[in-house]
Structure formats: structure tokens, C-alpha cells
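Line by line, the protein sequences give chains A and B. Residues in the first sequence are numbered consecutively from 1, following the numbering used here. Residues in the second sequence are numbered consecutively from 1001, following the numbering used here. Here the structure is laid out as C-alpha cells; the discussion comes afterwards.
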Amino acid sequence: MAQLISDRRDVDFVLFEQMEAQELAKTKQYAQFNKKTIEMIINEARNLAIKEILPTNKPGDEKGCRLENGKVIVPEEFHRAYKLYCEGEWLAMAEDVEVGGQGFPIIVTQAASEYFVGANCAFMMYPGLTHGAAHLVEVYGTEKQKELYLEKMYSGKWGGTMLLTEPDAGSDVGNLTTTAYPNGDGTYTIKGQKIFISAGDHDLVENIVHPVLARIDGAPAGTKGISLFAVPKIWVNDDGSLGEDNDVVIDRLEEKMGIHGNATCVMILGGKGKCKGTLLGEPNKGMRAMFQMMNEARLGVGIQGFSFGTAAYMYALDYARQRVQGRSLLEFMNPDAPAVTINNHPDVRRMLTWMKAMVDGMRSFIYYTGICFDIVRSSNDEAEKEKAQGLIEVLIPILKAYCTDKSFEVCVQAMQTYGGYGYTKEYPIEQLLRDCKITGIYEGTNGIQSMDLLGRKLGMKGGKPFMDLVGEMSKTVAQAKGIAGLETLAGQVEEAVGKLGEIAMLMGKTAMSEKVLTAFTYSYNFLDVCGDTVMAWMHLWRACVAKPKLDALTGGDPALITSKKDAAFYDGLVKTAQYFGSAILPVTLGKMAAIKNMSSAAVDMLDEGYAGK
Amino acid sequence: MEIVVLLKQVADTEARVAPTADGLGVSTGDAKKIINPYDEFAVEEALRIKQQLGGSVTILSAGDDKAAEAIRTALAMGADKGVLVNDPAVMASDGLGRAKILAAALKTMAFDLVLAGLRAVDDDSHLVGPAVAELLGIPHVGGVLEVTVENGSVFCLRAADSGQARVKAMLPALLSAQKGLNTPRYASMIGIMQAKKKPLQTLSLADIGISPDSVGPNAAKTITKAFMPLPQRAAGRMIEGGTAQEKAANLAKALKNEAKVI
């Protein structure tokens, strides 16, 4: 059997050879996490993911969730996997030890997540959302709230969600109408309707704490009047015991294209006037709390998207290596030539190479962002921390949108590799493709991400974080120029980085001119070329690590590539990087040229011009 | 209750393996190494008995440097300490050689109960458990499916020809675990963090009083002539015919005249 979900060799390469996660052990924060420990963690995560979580993926998709007597029933297979996941204490692996976590570096949790989420994303959303909600309680909760909720949530005994969206308040969250009426005893009575609530109810836990965005009665309109509340499904008494049902009603479940194993709920709060909550943080500061959590949530969704991409690629590669069909193109006229496995066909190679370039590049991109989070957590150097935080701010919208969209395309190419079988339910790709799509939509659509990049992040702090990003890329270019065999690739990446700087200037200027609307019709295209350039940088960086190791193994003799351990891996990595520079980057330059044209057609055209009404 | 578990590190059961160029060995390539799955049952059972009766669980393995990882994983599951007999002769020994090494190591340790896997999934010799028991002169119960320890004895349910048997043995005894004995636990995150601090002792053959000549390739009782890859599966053949009746007739003809099985 082939490797499932992810290529462990590449996971190890990015962790230990490219990002050097073992170096984090030199900091006080991460002193316990040497290479051996990190390896054991990844071994166990992979083990649990493949043996216990992956087998729940298909049944979860086929059975979906049911609403019975007001309660959501998840696919029965999820119960055992959930129990094992909680017993292994994976839910809070990155949290500080004081709050019941294990204090792991973020980059290590990303490698573990790649396996867990790649095994069953719909399932992993239950503990994932619990983690996000618990983190809100940890950061904004009072001592009492922490005492009542935190341990229960981080251990997975209770669940958590995020109640934000309403029928008329999605991308425009400031429009929300859910209202909180003070009761005078520190509690509020909550009334409103929330939609698209993932994991809004389920039978994996005995209680759920819902963080709810609502407006205190009489508070200002828009985002300035929004507060955050903790609203338990079952009221929690002061002594921690469970009280009465808190009038949080599941109205119905959405019928969706994918992630059927996760319950997407329409929820009525306080339909009988008996729903209570307590403030989480200060009044009217709910959006600020949301924004502080947003980077992590968006990073999480980027990893979700990526996990579909890596899983789809590994399946497609395995299939292509085994599926015998058609003669070699070189033997096309010879009817007696044997049929070969399809990975020998140039057109299948095209798809496999493109998928590998995407998946490997995204893994490096995501783990790099993880290292930035770890620097913020562990560094003693304030300037270094500030720089890392700036990089996070710029990279997050790119990562979320680029990795989710490109992973969806990887699923499409993986299906194409299978041919007709890929379109059937007999093989796993069609589910991955359906499940993946949502990652480009929720947690801020990818269009919203691009507006965040252009509107907030590009000009942030006078443009310093963006320039820092360009500076980091240039460092790698300079390094690569000194490595024999990488000169061409270094030149290609240098050109793209230079052009990206120009395009960024143009986008920034246009967005501040009277052509602001035109600029924003290109915000997604701008994010896309930013993503391509980050990927090119990552591939160049990977090649900088791999090329000297390859040369040391083979002494430049191609005949030794097949016989020396690891040589084929490094060689593949260098060739993938060169492919990215030669086959993908020129298209990126073309996309930049398209942006430069700044066609205003999309803004100028009258609505009637699009089609008759 | 002092329990020792005999543990072997093997290539992942999902690894693709091939005969080495000289045909005398098996190459596992870059395959991940895991605890022999039958030994995992033994570890789990040892932890359960310890939970019930107290005492300690020691993992004993004979192998190379890499085998320490398998021991650490068992420590992360909850075992208390590890012992690794690490010597080049170990990897070149046959099953009987390994049994000699493990028995000699056990003689330096205190134990009431030894648990092993019924077989190792790499060489499948089914030999080491009973051979160690024989060398130590203690009872062996093979293929156990249920284990209860009471008053200095162990009561086992074991697989037997066309049925099952209940067996009692006096302690100390060696039991080898069959699939179905239990469901092994996964190492928890806390377990992994704690495992780093648990003692893992490395012993040489000299430490356990074994002369290198008495084990290793020269002392081996089994001689490998050659490993061969499985024959390639030939392509299937579609039976022609316009109707189901015709196809059935053609199939019968082929089975009779070509395959000569009817």
C-alpha cells in the first residue's frame, strides 16, 4: 500500500531541513521539543489519522448528520474516533501547559493537522471549532468563565462553535440583528437567528459553549456596537453542574454539496425567551476579539484546503503508478508492445508534476507561516517578533485564499488523472473535490481575503510588512545565485519578485485614486500573483537546501541518483522547483501584465450590458 | 507484578518490500519502522495487567539503533522502562539466535510474567516466544486470547485446533499474544512527552554473557537460499460469447480443455 494523505518524506524535509523546526528547542518556550519528540508526535498523529480517522471519512459522507427531536446525530463511526482523539489529548496540543495543553510549536501542529484533516475534514471540524471557541474563552473570558468552561472544552468533553453569520449578515457582519438584553445580574437574555453554524449541535459531547456575536440592546449600529457572548447549550451553574436547557434550538440542517459529516445548523436563540449568555470580553468590543482570532482561524482553513490537495495528489499518484492502460507513446505503432502504467504517459506526467509543484510549495508556504507564529510566541527579540507578526498579517489572506483555491484545482487534476473512475463514488477523489470547495467560501470568502490584502494589509504600517516579505524573498534569491545549477531559477524568481513589487505599487496607488473600484476588481488577481510568487520563493528555497545535498550524494553523476538513498527525492525536489520557474512563473508574469492593463470594463459596463433582464 | 514484554521492530506492514540484489535478504527501502503488530497486543495486555495488579512493565528488544524508537513508542503507550540489546550480531541472527539473546537478557532481569507476540510479521517464524520459554525453562502458552493472573498462576484462553482451550500455567510463564487479545491503545501526547524521561538501557552481548560466536550468521540454524519476488499476475481473460448461455458454454469448454480442471 502506498503512503496515504501526505508524503512523509516531504513533511520531514520541510519540518527539519527547510524550516529547521528542531532549532526552536533552543528557545525557552520550546525547550522540550527536540527532533526525536517532534518525529514521535508526527508518527502518532499519522498512525491515529490513518488507522482510526480515515476509515470514518466515506461513511461520514454517505450517512451525513440527522436532526432528530431537535438533536443532531453524527455518523456513528465518529464516536470512537472522537474518543481516541480526545484521549490522545490532541485537541489542545499547541496550548500552554497551564490551561491543559501540551505547548507544542505551531509548525508541529500543522504537520499533525495535515494528517488529521486530510483523513476526515468534516470530522475534524468538531474538535477544531471547539479549539477556536475555547481559545476565545482563554483570551477574553473572566476567571469564572475559564473555571467553568476551559478544561471541559480543551479536553473535548464539551464542544464549541462560532455563531457569527445571520441571514443578512455574512460578509457584512456589521449588519447583524441578534440582540442581548441585560438582566441586571451579569447575564444577558439573547434573541436572534444564526445560520451556517458548523457543528452547531452534535452528540459527541454533553454540552456546547457557543460564542455568539450580538448587539447589546441600544448599542450603536454597525461593527462598533457588536459584543461577544458565551452562550452554553445547557446552562452551567456556578458550581459547574449542568442546569436547564438554554433555549438554543436547532431549526434545521443545511443540505450541502460536501462535508456531510459536519452539521451545518440554522439556529434560533431565545425563541421562548429563555436563552441566556454572559459577556466574553468588553461590551461593543466583539469585533476586535473576532479579528484577533481571525489569523488563526484563516490559517486553519488554509490548512483544511491544503489537506484535500495533498490527499488528492497522493491518491492520484498511487493510482497512476498502478493503473495499466495504453502503450508507451514511443511504441504507439507497435500492436505487440505491452500496456504500461499511466504514469508513463506524458499527459499524465503533466498533471502529476503540476500537482506536486502545488502541493510541495503549499506545504512549505504553510509551515513557513507556522514558523512566523512560533517566532512571535518564542522569540525574546522584539524587532524579530514585530517583523514576524507583520509577515503573518500579509501572508494570512494570501495563504487562506491561494491554498484553498489551488487545492481545489489539485482535486480537479487528481480526478482527471483517474479518468472516468475519478468521477465515480468508487474512488475517493469526488468526495475530496466536493468537500474541498467550501474552504474557498467560508471563514471570509476568497474575494474577501483579497480585499483584506489590498485594503488593509498592503498599506499596513506604511507598507513595511509587505516590503519585509519582498526582502525575505530577495535574500533567498541572493543565496540561490551562489549555488551551482540554480542560477537560471534564481533569475526567474528574481524577475517575478521585482515585478510583484511594481504591481503592488500600482495596486496601492490605484486603490487610493478615483479608480478605486477598478483596483478592487483586480484584488483577487493581485492576491493570486502574490501567491504564485510566494510559491516560487518557497520552491527556490527548497532547491537551495536540496541541491547541495544532492550534489554531495551523487557528485553530479546522474547515474547515482537511483542508487543513493534520498538522491531521487532531492533530485525530484530540484526538478519540481525548476519546473515551477520555467512552466508556471512565465504565466504569472502574464497575469501581472494583465493586472497592469487595469481594464475598467468590469466597472464601466452597465448592468444591462451583462445580459438582458 | 514484574512484566517483561519482548518487542521487535519491523518494517511498516504497508511498506513495499523487494528481495535485495543478491537475493539473500529483503530490502525495505525507506519504509517506516513500526512495533510488530502482535507485540503491540503484548504491550497492551501488560499495561492492563499492571493497571489491575500494580508492578511495572519493561520493554525488552534486540535490534539496532533504530529499534530504540519502537521501545520509546511502547514507553509512550505507558510502559515503565526499556532495555535494548544492541549488537551487530543481533540483526544477523536467525530466530533461534534472537531467542538466545533475549533469554540471556531476561536472566539478568527480575520478572513474573513475559509477554511476546505470537509471530513477527517480517520473518513469520512463530519461534522466538516458545524458544525463549524453553531456554528459560518456564511454561509457554501460545496464541492467547484472554489472560487472567491470579494467585501466582495465569489462566489463559488460547486458540486450539478447531476450537479454543483454557490453560493454566504457574508463574513465571511466557505467553504469546494472538490477534483478538485486545485493542492496543494509541500513545497519548502526554505519554509521548513522558516517554522521553523514562529509562532506556542499552546492553551489549558481553553485558548479558553471550559470546558473539554463539549467535549471528555462523551459528544460524536456518539458511536462506534465496528470496524471490511474487510472480506477476497475468492479465485476466474475458470469455467471449453473444449470450449468457454461449458464454457459459465457452467457459466450461475453457475449463475442461485448456485449464483441465473439470
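C-beta atoms are modelled at their ideal positions from N, C-alpha and C, and glycine is treated no differently.
Query: Extent of the continuous alpha helix (DSSP H) run through E98(A); Result: Neither: E98(A) is in no alpha helix (DSSP H) and is coded neither H nor E.
Query: Own chain partners of V603(A) with C-beta closer than 7 Å, once the 5 adjacent residues on each side are dropped; Result: L517, T518, T521
Query: Per DSSP, the bridge partner or partners of F1155(B); Result: T1148(B), K1168(B)
Query: C-beta contact flag for A214(A) and T179(A) at 8 Å; Result: yes
Query: Three-pair Cβ contact test at 8 Å for the stretch 1097 to 1113 of chain B versus the stretch 1046 to 1065 of chain B; Result: yes
Query: Runs of beta strand (DSSP E) wholly within the stretch 472 to 523 of chain A (minimum 3 residues, chain order); Result: none
Query: Residue span of the beta strand (DSSP E) that contains W158(A), given as start and end; Result: 158 to 160
Query: Cβ of L615(A) within 8 Å of any chain B Cβ; Result: This structure cannot speak to residue 615(A), because chain A is shown only from 1 to 613.
Query: Length of the line joining the Cα atoms of V1149(B) and D1039(B); Result: 19 Å
Query: Q29(A) - DSSP class collapsed to helix/strand/coil; Result: coil
Query: Beta-carbon proximity of T223(A) to V173(A), cut-off 8 Å; Result: yes
Query: 8 Å Cβ cutoff, E98(A) in contact with chain E; Result: In the structure shown, chain E cannot be found, because the protein chains are A and B.
Query: Three-state secondary structure assigned by DSSP to I1034(B); Result: strand
Query: Local conformation of I1210(B) per DSSP, three classes; Result: coil
Query: Pairwise C-alpha distance: V324(A) and G1029(B); Result: 24 Å
Query: C-alpha distance - G1129(B) paired with V248(A), whole-angstrom precision; Result: 59 Å
Query: Per-residue DSSP class, three states only, for R321(A); Result: helix
Query: Burial state of E255(A) (16 or more Cβ within 10 Å); Result: exposed
Query: Segment limits, beta strand (DSSP E) that includes L1203(B); Result: 1200 to 1203
Query: Contacts of R1072(B) in chain A (Cβ-Cβ under 8 Å); Result: K36, M40
Query: Cβ distance (whole Å) where D1012(B) is taken to contact K1032(B) below 8 Å; Result: 4 Å
Query: Chain A within 8 Å of M1193(B), Cβ atoms only; Result: yes
Query: Length of the line joining the Cα atoms of E472(A) and F16(A); Result: 19 Å
Query: Closest residue to Q449(A) among P397(A), M598(A), L329(A), I50(A) (Cα-Cα distance); Result: P397(A)
Query: Own chain, CB closer than 6 Å to K1168(B), minus 5 neighbours either side, in chain order; Result: S1153, F1155
Query: Secondary structure of F1227(B), DSSP reduced to three states; Result: coil
Query: Which of helix, strand or coil DSSP assigns to F196(A); Result: strand
Query: Local Cβ density within 10 Å of T512(A), reported as buried at 16 or more and exposed below that; Result: The sequence given here places Met at residue 512(A); Thr does not occur at that position. Result: exposed.
Query: Segment contact flag, the stretch 50 to 64 of chain A with the stretch 114 to 127 of chain A, C-beta cutoff 8 Å, min 3 pairs; Result: yes
Query: is_contact[E692(A), chain B] using C-beta, thresh 8 Å; Result: Outside the displayed range of chain A (1 to 613) lies residue 692(A), so it cannot be described from this structure.
Query: 8 Å Cβ cutoff, K425(A) in contact with chain B; Result: no
Query: G222(A) - DSSP class collapsed to helix/strand/coil; Result: coil
Query: Own chain partners of S328(A) with C-beta closer than 7 Å, once the 5 adjacent residues on each side are dropped; Result: A337, V340, N344
Query: C-alpha distance - E206(A) paired with T576(A), whole-angstrom precision; Result: 49 Å
Query: Local conformation of K596(A) per DSSP, three classes; Result: helix
Query: 7 Å Cβ shell around M19(A) - same chain, five flanking residues per side excluded; Result: I107, Y367, Y368, I371
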